[in-house]
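Using my numbering, the first residue of the sequence shown is number 87, and each one after it goes up by one. Cβ coordinates follow ideal geometry from the N, Cα and C atoms, glycine included. Since the model is a prediction, treat every value here as computed from it, not as a measurement. The structure under discussion appears below in the form of structure tokens.
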Amino acid sequence: MFQVRIHGRGGQGVVTAAEVLSIAAFLEGRHAQAFPSFGSERTGAPVVAFCRIDDKEIRLREPVLEPDALIIQDPTLLHQVDVFAGLARDGYILINTSRSFDALGVGEFARSLRPERLCTVPATEFALTHVGRPLPNAALLGGFAAVSGRLKLESVAAAIRDKFGGKVAEGNVAAANAAYAHVRNELQETGHAQAN
87 MFQVRIHGRG GQGVVTAAEV LSIAAFLEGR HAQAFPSFGS ERTGAPVVAF
137 CRIDDKEIRL REPVLEPDAL IIQDPTLLHQ VDVFAGLARD GYILINTSRS
187 FDALGVGEFA RSLRPERLCT VPATEFALTH VGRPLPNAAL LGGFAAVSGR
237 LKLESVAAAI RDKFGGKVAE GNVAAANAAY AHVRNELQET GHAQAN
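And the structure:
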């Protein structure tokens, strides 16, 4: 089973990201589940959502405490919430930022992990360009497909179209494509493209 935990803030589409990720897995013939962890539901409050993907039926229903992958939609959470709690040493981390792990103040922690599984992507910038709104979730899913290799970009695009419609869907697909290309390029520049 592959478990993903998504951290963000209310209003950033964290719950939607988990749902779209599960739809993409389902479209590839796998079992998936997505659900949020509700606390304060106000805009800007920390929000967590979870997604599990497996080749067989998933019976677990509790929160993901030991994720295989983290998607962090808001880098301001890095020093406010223990976003890295339970992450496997061979886990994936994708952060919505154009800054490096060192610049974010988490470089020492990152050096204890596999560098080919760590990536940043300016997902909010891609969302503003292609969607016209600062909603990084779809772009991050494109980036996640690139860094993890766990889902095809085409499945992410189909899941976005399943969840949204018209211009909103196409803008989000374009943002996901841009983020996918950005992450692939970043991994190639560091020599990690085929190491996943």
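Residues bridged to residue i (per DSSP)
| i | result |
| --- | --- |
| residue 206 | 181 |
| residue 287 | In the structure as shown, the chain starts at 87 and stops at 282, and residue 287 therefore has no counterpart that could be examined. |
| residue 140 | 117 |
| residue 274 | According to DSSP, residue 274 bridges with nothing at all. |
| residue 230 | Answer is none; residue 230 lacks a bridge partner. |
Where residue i sits in the DSSP three-state scheme
| i | result |
| --- | --- |
| residue 156 | strand |
| residue 123 | strand |
| residue 212 | helix |
| residue 171 | coil |
| residue 281 | Bear in mind that a pLDDT of 45 at residue 281, under 50, signals an unreliable position, so the number given afterwards is only what the model happens to contain. If DSSP states are grouped into helix, strand and coil, residue 281 belongs with coil. |
Proximity below 8 Å, CB of residue i to CB of residue j
| i | j | result |
| --- | --- | --- |
| residue 234 | residue 113 | no |
| residue 199 | residue 103 | no |
| residue 239 | residue 263 | yes |
| residue 120 | residue 135 | yes |
| residue 151 | residue 205 | no |
| residue 173 | residue 153 | yes |
| residue 137 | residue 108 | yes |
Candidates the options, of which the one nearest residue i by Cα
| i | options | result |
| --- | --- | --- |
| residue 339 | 155, 166, 219, 185 | For residue 339 there is no data in the structure shown, the boundaries of the chain being 87 and 282. |
| residue 161 | 205, 130, 140, 181 | 181 |
| residue 208 | 165, 193, 222 | 222 |
| residue 175 | 167, 201, 157, 190 | 201 |
| residue 215 | 254, 247, 244 | 254 |
| residue 117 | 213, 141, 251, 128 | 141 |
Burial state of residue i, where buried means 16 or more other Cβ atoms lie within 10 Å
| i | result |
| --- | --- |
| residue 143 | exposed |
| residue 220 | exposed |
| residue 146 | exposed |
| residue 128 | exposed |
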